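Enquirer: Reminder that position 28 of the sequence shown reads as 794 in our numbering, one-by-one numbering, no gaps.
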Amino acid sequence: MPRYVLSHLLSVVHDLMWGREEWFRMSVTYSPTDSTTRVRSWEPFQPNGCRWCGSPERTHGYVFARSVGFHAWAEPTVAQRKARMKAR
767 MPRYVLSHLL SVVHDLMWGR EEWFRMSVTY SPTDSTTRVR SWEPFQPNGC RWCGSPERTH
827 GYVFARSVGF HAWAEPTVAQ RKARMKAR
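1. Buried or exposed: residue 835, going by 16 or more other Cβ atoms within 10 Å of its Cβ?
2. Short of 8 Å in beta carbon distance, which residues of its chain neighbour residue 851, apart from the five on each side in sequence? Order them along the chain.
3. Any idea what DSSP makes of residue 829, helix, strand or coil?
4. Could you tell me the distance, in whole angstroms, from the CA atom of residue 854 to the CA atom of residue 848?
5. Answer with buried or exposed for residue 843, where buried requires no fewer than 16 other C-beta atoms within 10 angstroms of its C-beta.
6. May I ask you to check if the CB of residue 823 is nearer than 7 Å to at least one heavy atom of the ligand ADP?
7. So if DSSP puts residue 835 in a beta bridge, which residue, or which two residues, is it bridged to?
8. Could you tell me the distance, in whole angstroms, from the CA atom of residue 829 to the CA atom of residue 815?
Spelled out as C-alpha cells, the structure:
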C-alpha cells in the first residue's frame, strides 16, 4: 500500500475516533490528459489548512499532492487564508 494512502486512511480513522468528519471533504481526482489536480469539496478548506493540499495540520502527516509531491504540512500564505475565509 503506498505511503500516502496509508497516511490518509490513518487520518480518517483518527477523525472517526474523535467524532469528526473533516476527511469527508477531501476528494482528489487526477486528470490523465493534463497535469492539473482537481479537488472536489463539499465544504471549503479550513483557513489554516496546508498550503498545498488544504488538510488541517493536526491530521496532515506526510502526504502526496501532485503539484509538489510528498510533503509535510506547510503554512498557507496570507492570500490563501483570506480566500478561504471569503469562501466560507
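The C-beta atom is built at its ideal place from N, Cα and C for all residues, glycine as well.
Treat the numbers as computed from the prediction; the structure is a model and nothing was measured.
Expert: Let me lay it out:
1. exposed
2. 813
3. strand
4. One C-alpha to the other measures close to 10 Å.
5. Counting Cβ neighbours within 10 Å, residue 843 comes out exposed, since fewer than 16 surround it.
6. The ligand ADP is absent from the structure shown, which contains no ligands of any kind.
7. Looking at the DSSP assignment, residue 835 forms a beta bridge with 831.
8. 13 Å
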